Each structure stands twice: as C-alpha cells, then as structure tokens.
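Comments concern the structure below.
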Amino acid sequence: MTIPWAKPLVNKRDIQYLNKAVNSQWIAMGEYVHNFEKRLKKFLKVNYLGVTSSGSAAINLAYLILGLKPGDELIVPGFGFLAAANVAQTLGLKVVFADVDPHTFCVNVDTIKKVLSKKTKLIVVTHTYGNMCGMSEIVSLAKRKKIYLMEDAAQALGSKYKGKQAGTIGDIGVFSFTATKTLTTGEGGAICVKKRSLYNKLILYRSYGYTKKRYYCIVPGHNLRMSNLLASIGFSQMGRLNSILKKRKKIYSVYKRILKSDKFSLQKFEKNISSIPWTLSIKLNKNFTQKSRNSLISELKKKGIESRNGYYCPNELSIFKKKYKLPISSDLSKRVISLPIFEELKVKEIYYICKKFNEILNKWIYQ
Ligand SMILES: Cc1ncc(COP(=O)(O)O)c(C=O)c1O
C-alpha cells in the first residue's frame, strides 16, 4: 500500500466542465472565471473577490493594491508556508517575523505585538494547516493601530472563526488552489477585499494595469489572471465543496480517535474555531530532534506512508539575512510532522496509517 500525503481529485464532472470550457474556445478569460468567482463569493459571503493564477499571485496583488513600496515593513508568521514573506522579498519589502503559539502553530496578538513598530504597514496572519489565528484580538489591534490586516487562508478554505469564514475577517484574504489544496484547480488562487476601492485596484493590477481603454495602462500591472480552463474546474468543485469539507472533518475525527501515544500532541484548535484540517499535523515530544523526526518520516515511507516535515524557520534559510527571535517557530520546524488528509482517503487507509504510526512510535528508541 502506498498512501500519498495529498492527492488532488479532478473527477468526471470536473472534466465535463473543463471540456465545456475548452470547447467554448474561451481559454483565457471567460465565463467560468466569472462564475467561479460568483460561487466563491457566495460561499465566503463576501462582496469583492477575484481569482488569480496562484495563491502567490494573490499575495503579490495584495501588496500592489495596498501600494506597499520597497522598504515598507510587514509582519509575517515565523512558522508556516512562507509565500507572504517570499513575495514580499521580491518587492523589496521589509519582512519582520512574529513567533507563533507552540500549540496552535499560529501567530496570536501577543506575538504580533512583540514585533509591531511605528513602521508596520501590514500584518499578515497565516491560518496554518487549516487552523485559525485568534482573529478578534488581532483585528482590534490592527484597527487601533490603523494597520492593514491580511489573512493567508491558503490552507484554511472553509475553516471558521466565530462563524466567519477564514480569509473574510481581515481587510484582505488570500487563498490557493494548487494541487494539494482543499479545492484545487491545479494552479490558482483568489483574493477577497473588504473595500470597493481595493477591489477596483485589484481588477486593474491583475490585468496589465489597464481596464476599459485597451493598452492604456494607468498603473504598472501584471498578468495575474486565472484561465477559463482552470476556473471551470474550480467552478465544478464548488458544487461539491461542502461534501469535501465534511470528508476532511471526518478523516480528522477518525485520526483523532485512533492515534494514541504520549510521544506527540496534535495541533490545538481553540474552542471558537471550526477547523477544516488541511493535513493532520502533529508535534512530536521534546525528546525528538530534527534528525529523529526525519528518521520517523523515513520509517513511515518504508511502510508506504508519505508524511511531511514542518516548515523551516526563516533563521535556517539564507534568503532571510537577519536572525530573528523565533524560539517556538524554530522548535516546531524540527518537531512537526504531518500525515495525509485528502478527499479520497479511505477509512481503512487511515486505520493503516495510524496502526503503523502507533507501532513505530511505541518501539521508538530516541536517538
Ligand atoms: C499558506 C500558504 N500561502 C500561500 C501559498 C502559495 O500558494 P500557491 O502555491 O498557489 O502560489 C501556499 C501554498 O501553496 C500556502 O500553503
């Protein structure tokens, strides 16, 4: 048995829609882009949203519409997928990392406050692994300080905080539909904004910097659009999104029931969060080192189970020049491991993963 960590599903219905899009010959922009956006807006209960060529493109667009300039400072989580930091670097923005909570793996208002300065122009929170940050306190802080707040909800489509969809609470929310994500168009993303004025800019910067008057650029824009072909898959998947979300929740609950060991703890979801787990993320106990965590990943691989290590701490990556004070992020980068969750994962496969994981850990001799 080989179980991948993630497996995209483009089902028969998705392919039918893709065929319709191809046959329409509208292969760049087209009606599926519009219809996918409409369905996403309805699902998220937002007024202003645009789909993009990737989650990173959505982040890039966010920085452009906010008018961030080289040297402008933004806060980004020290643990998590680092797209927000990477894209910021390409634009010459100054990234300041906030540490995360050791149990939720997400930033909170206190870790943000520690690195907040008069120069902070934007706070980016990442809802890592489908968990969500404590948004009420973070929103209040951002409002009080008059700083923009962006949620990177790439891994948290469908997760809710106090009943509100991830990505819809801050000024801007971004999503990714790359192959491993909850909803996938292969490559793709989306950005939603609260203000109409930001939406107008989004339309402008997403498409060369001009709107109605062809070739007449008002701002230096990109092409960050999604193609009609990929949007047709997204449109189709929206039709079964609620069932995908239910499956992910069910998979998580089965894992939670069977995985038993004092050698690890699961990522913590606070009470006011209804999470759609993107992966089953685990923090191994203090006796594990980065090396032994990696050996565990190899042992699982021998049993046909693909797992993934936690994200590297920026301090380990040479693209970030400064050494930051990120003790928790650094610790998580060594001890986090994540197990498969995807739409088609079967209960018997979860049982197999848990059995092997429990067996390996029970016999584990710390190295
Ligand atoms: C949290 C997060 N943000 C942003 C991205 C970037 O999205 P994309 O791969 O669509 O560019 C990803 C990754 O895939 C992600 O996991």
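If you're matching positions, the sequence shown starts at 6 in the numbering used here and goes up one per residue.
For every residue, glycine included, the Cβ atom is placed at its ideal position computed from N, Cα and C.
As the structure is a computational prediction, the values presented were derived from the model and not from experiment.
Check                                                                                                                                                                             : Outcome
At what residue ranges does the stretch 38-123 contain a whole run of the alpha helix (DSSP H), taking only runs of 4 or more?                                                    : 60-70, 88-95, 114-120
Tell me which residues share the same chain as residue 200 and place their Cβ nearer than 6 Å to its Cβ, disregarding the 5 neighbours each side in the sequence.                 : none
Confirm the yes/no value for this check: CB of residue 94, any heavy atom of ligand 1, distance under 6 Å.                                                                        : no
Compute the minimum distance between the beta carbon of residue 86 and the heavy atoms of ligand 1, and state whether it is under 6 Å.                                            : yes
Compare the C-alpha of residue 43 against each of 351, 243, 89 and name the closest.                                                                                              : 243
For residue 106, which of 87, 88, 138 has the nearest alpha-carbon?                                                                                                               : 138
DSSP three-state call for residue 233: helix, strand or coil?                                                                                                                     : helix
In three-state terms, what does DSSP make of residue 153?                                                                                                                         : strand
Considering only residues of the same chain and omitting the five flanking positions on each side of residue 221, which have a CB-CB separation below 8 Å?                        : 215
Should the stretch 254-265 be regarded as contacting the stretch 53-64, the criterion being three or more beta carbon pairs within less than 8 Å?                                 : no
I think residue 29 touches residue 78, with their Cβ atoms under 8 Å apart; what is that distance to the nearest whole Å?                                                         : About 45 Å; that fails the 8 Å criterion.
Looking at residue 214 and ligand 1, is the gap between the Cβ and the nearest heavy atom below 6 Å?                                                                              : no
Below 7 Å between beta carbons: does that hold for residue 190 and residue 226?                                                                                                   : no
May I ask you to report which of helix, strand or coil DSSP gives residue 293?                                                                                                    : coil
Does the stretch 153-170 come into contact with the stretch 179-195, if we say contact requires no fewer than three beta-carbon pairs (one atom in each stretch) closer than 8 Å? : yes
Rank 111, 73, 85 by C-alpha distance to the C-alpha of residue 96 and give the top, closest one.                                                                                  : 73
For a test of your reading of the model: does the CB of residue 141 fall under 6 Å from any non-hydrogen atom of ligand 1? Yes or no.                                             : no
So, are the CB atoms of residue 31 and residue 311 less than 7 Å apart?                                                                                                           : no
Helix, strand or coil for residue 197? Go by DSSP, reduced to three states.                                                                                                       : strand
Rounded to whole angstroms, what is the Cα-Cα separation between residue 192 and residue 55?                                                                                      : 15 Å
Would you mind reading off the limits of the beta strand (DSSP E) that contains residue 350?                                                                                      : Looking at the DSSP string, residue 350 is not in any beta strand (DSSP E), and its letter there is neither H nor E.
Classify residue 131 as helix, strand or coil using the three-state DSSP reduction.                                                                                               : strand
Taking the Cβ atom as the reference point for each residue, do residue 361 and residue 307 lie within a distance shorter than 7 Å?                                                : no
Given residue 104, which residues of its chain have a CB within under 6 Å of its CB, disregarding the five upstream and five downstream residues?                                 : 83, 116, 331, 333, 334
Helix, strand or coil: which one does DSSP assign to residue 325?                                                                                                                 : coil
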